[in-house]
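**Q** This is the structure I want to talk about, given as structure tokens.
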Amino acid sequence: MVLALAASVACTNLDEQIYSKLAKENFFTSEENFAKYSARAYASLQHWATEKSYWTFDMQISDEVCVPLNPAGAWDDGGRYKQVQIHDIPDANRLLECAWDYCFNGITACNDVLDVFTSIDKTFDGKDRAIAEMKVLRAYFYFCAICYWKEVPFAIKKDVSVYPEKKDRAFMFNFIEQEIKDNIDFLAENPTNEYYGRVTRGVADFVLAKLYLNAEKLIGTAKWAEAEAACKDIMTRNGGSSYYTLTDNYKDLFKVDNEFNPEGILAIPYSTVYTTSDHYAFIIYMSTLPADLCAPMGIAAKAWDGLVAEPDFMASYEAGDTRKDATWIFGQQHDLDGNPLNIEIESVSVPYVIDPIFPESCYEGRRTALQGARIGKWAYQSDMTLTGGQVGMDNDFYLMRYADVILMYLEACRRQNKSSVDAAAQTAFDKIRTRAGLATIAYADLDLEKIYQERGHELAIEGWRRQDMIRFDKYLQAWWFKPAKDASDYNLPIPKSAVSANPNLK
Amino acid sequence: MKHFILTVLFLVLAGAMAFAQTKDVSGRITGSDGEVLAGATVLNASSGAWAVADENGRYTVRAAAGQSLNFSFFGYDDVSIAVGEGNKYDVVLPVQASVMLNESVAIGYGKTTKKEITGSVASLKAEDLDIGSFTNAGGMLQGKVAGLSVVNPNGGDPEASFQFLLRGTNTLSAGQGPLIIIDGVIDADIRSINFQEVESVDVLKDGSAAAIYGTRGTNGVVIITTKRARSGNTSVQYDGQVSVQTVQSRAIPMTAKEFQYAVTNFAPAALGSLYGGDTDWFDEVTRTPFSHKHNLAVSGGTESFSHRTVVNVEQNQGILKNNETAKWLFKTNIHQTALQGWLDLDYNLSYTRRNSSPANTSIFRQAFLHNPTEPVYNPADKDNGGYYTVDAMDYSNPVAMLNERVSARQTGYLQANARATINILPVEGLKWDNFFSWSDEKYFSQNYRTRYYPGSTGKKGVAESSADAYTNFQWESTVQYSKMFGDHSIQAVAGYTWQQQMAWETSMENYGFETDAYSYNNLGAGSALQAGLADMGTSRSSSRYIAFFGRVIYNWQEKYLASVSLRRDGSSRFGTNHKWGWFPAASAGWRISKESFMENISWLDELKLRVGYGVTGNQDFGNYKSLMLIGSGTNFFYNGAWVKSYAPASNANPDLAWERKSEFNAGLDFSILDGRVSGTLDYYYRHTTNLLYDYNVPVPPYDYKTIFTNVGAISNSGIELSVNAVPVKTKDFIWTTSLVAAHNENKLISFTNEQFKDADYKVGWIATPVGAYVQRLIEGESLGTFYAPVWIGTGTSGADHFRNESGGTVDESKWEKIGSAYPDITLGWTNSLKYHQWTFNMTWRGAIGGKVFNQYRAEFENINSIGLKNILASWLDDTSFTGPIRYSDKYIENATYFKLDNVSIAYDLPLKNKFVHSAKVFATGQNLLCLTGYKGVDPEVSLSGLAPGVESTSYYPRTSVFTLGATLTF
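Chains as they are written, first to last, in the working numbering: chain E, 2 to 507; chain Y, 88 to 1057.
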């Protein structure tokens, strides 16, 4: 009775009891948690190499990769892959939306971390550096955004009461430039292993270099000298030399255990164990390999057989360029013991020989099982640990690397018609050529077309091709199963979902 | 001492009476309608002696003074009399219909009678329900309540459960199941009782009736009362039944011969897909299942202490091999009175245990599409366990799927409750009732896929184990008062309820076993755990509901009736700004037939007009939806080590509230011709606002892409009719029939508002190769409205042609409205024919109108799809269509159907003696026939959710069930 009465009076408490999740205010109780909160923003980089991402979008919208229907008729999906291939992309295209999400989820995460860092009254070692890391990371995401979109929503505060207004490229260009300049001095200068995967001065300079290099196409004003200077900073910051060096073996950059490569400026660390699920895993093997090649390669999955190299890109390699074999899977296929494989086609067993060259007419129906080189740049684990779409590869992804800096530097010099270049840059460029099994080219003989080709093959499917094609005036031309376009093709439509969620983007 | 002597004296006297001389007692049995009841039975409950009345209604039976005689006859209510000194007793049995009005109806926190009720409540007694075999009590409601659709989308699955939909879809994303109350336990599991133990089911349909359950009342309230303890001699009742099933409907692929013919003649490019075998894959994975059920109930006791105890054992097989469920149920109900009538106690204890091997319905899909020319086995292929294996996406050997996976699930449901009613004797009609209930549901699931299970061959055996526990604690305290003051009758209740539900879920998975011998019994032995690739997870959540409520029911001379209720309801799930809400209701009734001006209308027994209005809510969504929660996400490599990252997993919404429904209901109850025809007609209009849905918000500034919030509005309006009639009634033969019919119109009134304008309006995604959203949410239209290109024929090239096509396809903006998935009219028709000891029952159920998307045809009635995979045999009926697969209205078919749900025949053995009080045998056939123009498996598909009317390709075939049973009462 007493209990009953007490309960009647007191028991009107409806607060939610939370057990296996955290309310935000309960999270920031230790300094360690506080500092590690930036992991949330860095983790958004892991979306880079998921199935539908900024990266896979970039390789498809450029001349690197195409996705015709496979022999089973899959990969139509309402025509979204074909729309990207022919540059007829409606604002509802899912791949476009995923590319957008990469940028703006990243920006949101940086805003959230910065909000926590600045609003919660706690200090910790390296707080200024942590803040600078977030701001430069946000600048990187905005740079990715303005490469695709003419106008983007600008939000650097976390305030849901005001929907962001859109800003044009000129405004954003200045913002990114200023943000990096304001924060670069707080960043770690020496990119020791402690800073692996994080924003350092090298990363800040790299983003600046990319920004300036593309300035002419982005805002109509060329900034070749500034690009050159940003590259030069990276090349000389360690007392006149660089903290970064080119690796001897090109394949080392892409092998399974490729962490701490001295050529890497910013890596996205991936792990079969630690970065799983379709939002965070590096699963290019699922997107490109055919199901029947998996088991012979030591992969315990039935992959989806979608992304293949465009024939013209495959044809563009110089003879002897070892990077072609290092990047693509084509020709006779072998099992792990080196035995040649056969494939059954219409009940007849024929050698498993993949032909990288195939006609545009495959878009009228399906491509055959033997058409189209597959992506093989990142070595695949062959111990049956890759078991399907939820299990990612262990290879880290070098988003920014030193070879690109050398090529950017040479390009910036050539664009300014400089008569000579830094000797160290020539030496580095020679190494890029020789490690690819090719003859060296002196700067004097290095015209823009050669730089374009070199960038294409050195940095194939690393996410820079679209910018390069625009900068070298290739992008509006027709290429393999892609018609010629006018300059409006430089801008992508803002995804419908983003516009309808934020009317300011109309 | 004096008391003791008196007691002894009383006992001696009583004993003397018991041993009193028996004598012949005789008399005449007539009905209240004046009929002479020839064939009526009279039973001496004490001695077991019995007799049957002759053609003049006269009987003679042996009895002694103090013994009681039970008189019974079909169509009339039983009457008991106590034999006294005399030996002539004429008996008048009341016609059942006249009693109907006094039948009690559960209305939540109390009872009323049919004649007094003012809300829309459907009340069913055990005898109104079909006999037969049911996976749970939900199935017994099919076709019985106007406006309540009960669908079994899982066909012959022995674990099949039923989906309820009352008066249309009133939500966009919250649950649609009704609130189920079993013997006072709110949100009880309907599977925890045995269907044979159901005594009555009351369905609170309209807002005025359901408002007493506040935020959980919108989907209706189903109040199930099970058979209770009764005083009297010990009664033992045994129900036993055995049943078999046959396939009634399934998707039929080509046989090997047809496949070969089709490939050779129409798809020569696929000649490589002829493997030379002849396999009927469906046959390989199915069997004729056999099930048996036994129910033993013992009851009896004194006025102050009685009990009813039930033991139930069932073994149910599915047509899919290895798919079965065994169930054990123990339940006891004890009723006790104490403290000189001050205290009534009622205890319930039940434990239900189910051990099952659940169905993997994708086996049916694979058995359908698997190449019939493939043999089952290929002994040479050791890597694949000797199964014939062709590697391809969505393509697995069904026999390997069946044999190379073991799956076991144990469910234990413990329910204990006690009700203590304090009768405040000095104040007549006042009592204080306290109810405590605790239930504990535990699931333990394990499963193992061997190294040869298709699709996980590289994983070397995958073992999974999960254990989930759900508890539900409820305390209710009510004060009830009922009293007649002359012409005024008052029934009032005020109460408080506190309920907490808690869930624990744990799961683990490991793979990489050196041997399959461990099965799922040694998860630690797998290598994936050491490699960091095993999975493990636990979670816990809770929710709490608190409410204060009150209701007053008043009537004057049983002529003018009124009921008013109010509930103050709170739930932890709501946002901080909306934890509590008010839920009022009012209803009134006018028994026109009681008015003096109606007195002369002799054919009219009863005419009552009811109107009601009430507000209810729906809060059937997940816990913690209003909070911003930080979830642990992916890992990040930070300073040389992998660290967990934490990120918001949702946007906060402090304004999150229940979906609010207000409903107006008007009804007419009538009974004419001495109860030969009676019925109910209801009209309702429900208006649901604050609909919950995920709306897109910009990122940034929001952390998360969508916010779960209250925006839209839906209306449902309709008419419900139920008619009961006794078309034929003679001495020997009586035919009773009842028809329920309902019409509902659904309309999405609004979907967006100023702040939240954008959400996914396309729903019902059908995966590739169809690849289309089949329905749209459009303001002003019904939910479940199909949109599609309009098919105008097959071209000479063999491809589909559509209206407004360009390049073989139709732009989504030009798709046309095809129709809604919801039927225009739903029907249920129950018949009972009695001839002496024989009873014949037949139940039909139907739906008129409505559309259903035939996914099997869209995906598989297409020669273009043939090759490795099989297609529908029906393609051969029209070979002009050769593809490709294009979504269109060609596959959106009319869903009208009439089903013969139940046919049963029962015979009451004239076996009444001292030991056996009654014996009945029956034979039942269920789901026997479906009359429909629909070309798929079953036009009756799930109507719940946002994309109703889509037939899935992963399904359980429909079966007919044939049952033989017996009921013996001792």
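Even for Gly, the Cβ is constructed at its ideal location relative to N, Cα and C.
Please name the residues in the stretch 786-805 of chain Y whose beta-carbon is closer than 7 Å to at least one beta-carbon of chain E, in chain order.
**A** 786, 787, 788, 789, 790
**Q** Output needed in chain order: residues of the stretch 1030-1047 of chain Y with a Cβ under 8 Å from some Cβ in chain E.
**A** none
**Q** Taking 8 Å as the threshold, find out whether the stretch 689-704 of chain Y comes into contact with the stretch 670-678 of chain Y through three or more Cβ pairs.
**A** yes
**Q** Measure the C-alpha to C-alpha separation of residue 1011 (chain Y) and residue 912 (chain Y) and round it to an integer number of angstroms.
**A** As a first step, residue 1011 (chain Y) is located in the second sequence; it is residue number 924 there, counting from the start. As a first step, residue 912 (chain Y) is located in the second sequence; it is residue number 825 there, counting from the start. The alpha-carbon atoms of residue 1011 (chain Y) and residue 912 (chain Y) are separated by roughly 27 Å.
**Q** Suppose contacts are defined by Cβ-Cβ distances below 7 Å. Is residue 991 (chain Y) in contact with residue 218 (chain Y) by that definition?
**A** On the second sequence, residue 991 (chain Y) is found 904 positions in, with the first residue counted as 1. On the second sequence, residue 218 (chain Y) is found 131 positions in, with the first residue counted as 1. Against a cut-off of 7 Å, the Cβ pair of residue 218 (chain Y) and residue 991 (chain Y) comes out as a contact.
**Q** Shortest alpha-carbon distance to residue 499 (chain Y) belongs to which of Y:521, Y:531, Y:525?
**A** Numbered from 1 along the second sequence, position 412 holds the residue referred to as residue 499 (chain Y). Considering only alpha carbons, the answer is Y:531.
**Q** Take residue 790 (chain Y) and list the residues in its own chain whose beta-carbon comes closer than 7 Å to its own, dropping the five residues that flank it on each side.
**A** For this step, residue 790 (chain Y) is matched to residue 703 along the second sequence. Around residue 790 (chain Y): 735, 738.
**Q** Going by DSSP, name the residue or residues bridged to residue 801 (chain Y).
**A** Taking the second sequence and counting its residues from 1, the one referred to as residue 801 (chain Y) is at position 714. Per DSSP, Y:775, Y:835.
**Q** Of all the beta strand (DSSP E) runs that stay within the bounds of the stretch 300-337 of chain Y, which reach a length of 3 or more residues?
**A** 308-313, 319-336
**Q** With a Cβ-Cβ cutoff of 7 Å, do residue 1046 (chain Y) and residue 406 (chain Y) count as a contact?
**A** Position 959 of the second sequence, counted from the first residue, corresponds to residue 1046 (chain Y). Position 319 of the second sequence, counted from the first residue, corresponds to residue 406 (chain Y). Yes.
**Q** Closer than 7 Å by beta-carbon distance: list the chain Y residues that pair up with residue 18 (chain E), in chain order.
**A** If you number the first sequence from 1, residue 18 (chain E) lands on position 17. The contacting residues are 629.
**Q** Taking 7 Å as the CB-CB cut-off, is residue 134 (chain E) touching chain Y?
**A** Residue mapping note: residue 134 (chain E) aligns to position 133 of the first sequence, counting from 1. No, residue 134 (chain E) lies away from the interface with chain Y (no Cβ there is under 7 Å from its Cβ).
**Q** Give me the residue from E:113, E:288, E:471 with the minimum Cα distance to residue 485 (chain E).
**A** In the first sequence, the residue the question calls residue 485 (chain E) occupies position 484. Ranking the options by Cα distance to residue 485 (chain E), first place goes to E:471.
**Q** Which residue comes first and which comes last in the alpha helix (DSSP H) that contains residue 468 (chain E)?
**A** For the purposes of this step, residue 468 (chain E) is identified with residue 467 of the first sequence, where counting begins at 1. Segment 466-472, the alpha helix (DSSP H) holding residue 468 (chain E).
**Q** Helix, strand or coil for residue 88 (chain Y)? Go by DSSP, reduced to three states.
**A** In the second sequence, counting from the first residue as 1, residue 88 (chain Y) sits at position 1. Reliability of the predicted coordinates at residue 88 (chain Y) is poor, the pLDDT of 42 falling under 50, and no value is obtained from them.
**Q** Along chain Y, in chain order, which residues have C-beta atoms closer than 8 Å to that of residue 112 (chain E)?
**A** As a first step, residue 112 (chain E) is located in the first sequence; it is residue number 111 there, counting from the start. The answer, in chain order, is 787, 788.
**Q** Could you tell me whether any Cβ in chain E is nearer than 7 Å to the Cβ of residue 666 (chain Y)?
**A** Here residue 666 (chain Y) corresponds to residue number 579 of the second sequence, with the count starting at 1. Interface with chain E (7 Å Cβ-Cβ cutoff): residue 666 (chain Y) is included.
**Q** Tell me where the beta strand (DSSP E) around residue 183 (chain E) begins and ends.
**A** Taking the first sequence and counting its residues from 1, the one referred to as residue 183 (chain E) is at position 182. Looking at the DSSP string, residue 183 (chain E) is not in any beta strand (DSSP E); the run it does join, the alpha helix (DSSP H), is 170-184.
**Q** Give me, in chain order, the residues of the same chain whose beta-carbon lies closer than 6 Å to that of residue 456 (chain Y); leave out the 5 immediate sequence neighbours on both sides.
**A** One-based indexing of the second sequence puts residue 456 (chain Y) at position 369. Closer than 6 Å at the Cβ level, and outside the excluded window around residue 456 (chain Y), lie 956, 957.
**Q** Return the residue from the list Y:140, Y:170, Y:158 that minimises the CA-CA distance to residue 151 (chain Y).
**A** Indexing the second sequence from 1 puts residue 151 (chain Y) at position 64. Considering only alpha carbons, the answer is Y:170.
**Q** According to DSSP, which residues form a beta bridge with residue 419 (chain Y)?
**A** Translated into the one-based positions of the second sequence, residue 419 (chain Y) becomes position 332. Beta-bridge pairing links residue 419 (chain Y) to Y:396, Y:436.
**Q** Give me the chain Y residues within the contact set of residue 284 (chain E), using Cβ-Cβ distance strictly less than 7 Å, ordered along the chain.
**A** Here the question's residue 284 (chain E) lines up with position 283 in the first sequence. The premise fails here: residue 284 (chain E) is roughly 13 Å from chain Y at the closest Cβ pair, so nothing lies under 7 Å.
**Q** Indicate whether the contact test is met: 3 or more Cβ pairs, each with one atom in the stretch 256-266 of chain E and one in the stretch 196-207 of chain E, closer than 8 Å.
**A** By the Cβ test, the stretch 256-266 of chain E is in contact with the stretch 196-207 of chain E, since at least three Cβ pairs between them sit closer than 8 Å.
**Q** Could you check where the alpha helix (DSSP H) with residue 104 (chain E) kicks off and where it finishes?
**A** As a working note, residue 104 (chain E) is residue 103 in the first sequence. Taken as a continuous stretch (DSSP letters only), the alpha helix (DSSP H) holding residue 104 (chain E) covers 95-120.
**Q** Is residue 96 (chain E) a contact residue of the ligand ZN, with contact defined as CB to any heavy atom under 6 Å?
**A** No copy of the ligand ZN appears in this structure; indeed no ligand is present at all.
**Q** Tell me, which residues are paired with residue 995 (chain Y) by DSSP?
**A** In the second sequence, residue 995 (chain Y) corresponds to position 908, counting from 1. Its beta-bridge partners are Y:1007.
**Q** Can you find a CB in chain Y that lies within less than 7 Å of the CB of residue 181 (chain E)?
**A** By 1-based counting over the first sequence, the position of residue 181 (chain E) is 180. Chain Y, which has no Cβ nearer than 7 Å to the Cβ of residue 181 (chain E), makes this no.
**Q** Applying the criterion that 16 or more other CB atoms from any shown protein chain within 10 Å of the CB defines a buried residue, is residue 665 (chain Y) buried or exposed?
**A** Locating residue 665 (chain Y) in the second sequence gives position 578, where the first residue counts as 1. Under this definition residue 665 (chain Y) is a buried residue.
**Q** Have a look at residue 298 (chain E) and residue 230 (chain E) and give me their C-alpha separation to the nearest angstrom.
**A** Within the first sequence, residue 298 (chain E) is the residue found at index 297, counting from 1. Within the first sequence, residue 230 (chain E) is the residue found at index 229, counting from 1. Rounded to whole angstroms, residue 298 (chain E) to residue 230 (chain E) spans 45 Å at the Cα level.
**Q** In angstroms with no decimal places, state the Cα-to-Cα distance between residue 91 (chain Y) and residue 268 (chain Y).
**A** Locating residue 91 (chain Y) in the second sequence gives position 4, counting from the first residue. Locating residue 268 (chain Y) in the second sequence gives position 181, counting from the first residue. Bear in mind that a pLDDT of 45 at residue 91 (chain Y), under 50, signals an unreliable position, so the number given afterwards is only what the model happens to contain. Computed Cα separation, rounded: 46 Å.
**Q** If you draw a straight line from the C-alpha of residue 103 (chain Y) to the C-alpha of residue 225 (chain Y), how long is it?
**A** Taking the second sequence and counting its residues from 1, the one referred to as residue 103 (chain Y) is at position 16. Taking the second sequence and counting its residues from 1, the one referred to as residue 225 (chain Y) is at position 138. In this prediction, residue 103 (chain Y) has a pLDDT of 41, which is less than 50 and means its spatial position is unreliable; what the coordinates show is noted afterwards. One C-alpha to the other measures close to 51 Å.
**Q** Is the stretch 458-470 of chain Y touching the stretch 513-532 of chain Y, taking contact as three or more C-beta pairs under 8 Å?
**A** no
**Q** Rounded to whole angstroms, what is the Cα-Cα separation between residue 128 (chain Y) and residue 1002 (chain Y)?
**A** Numbered from 1 along the second sequence, position 41 holds the residue referred to as residue 128 (chain Y). Numbered from 1 along the second sequence, position 915 holds the residue referred to as residue 1002 (chain Y). Straight across, the Cα-Cα distance linking residue 128 (chain Y) with residue 1002 (chain Y) is about 17 Å.
**Q** Could you check whether residue 228 (chain E) and residue 413 (chain E) sit closer than 7 Å to each other, using their CB atoms as the reference points?
**A** As a first step, residue 413 (chain E) must be located in the first sequence, where it is residue number 412. As a first step, residue 228 (chain E) must be located in the first sequence, where it is residue number 227. Yes, Cβ-Cβ distance for residue 413 (chain E) and residue 228 (chain E) is below 7 Å.
**Q** Might you give, ordered along the chain, the residues of its own chain that have their beta carbon closer than 7 Å to the beta carbon of residue 574 (chain Y), omitting 5 neighbours on each side?
**A** Numbered from 1 along the second sequence, position 487 holds the residue referred to as residue 574 (chain Y). The answer, listed in chain order, is 643, 644.
**Q** Is there at least one Cβ from chain E nearer than 7 Å to residue 1058 (chain Y)'s Cβ?
**A** Absent from the model: residue 1058 (chain Y). The displayed extent of chain Y is 88 to 1057, so no value can be given.
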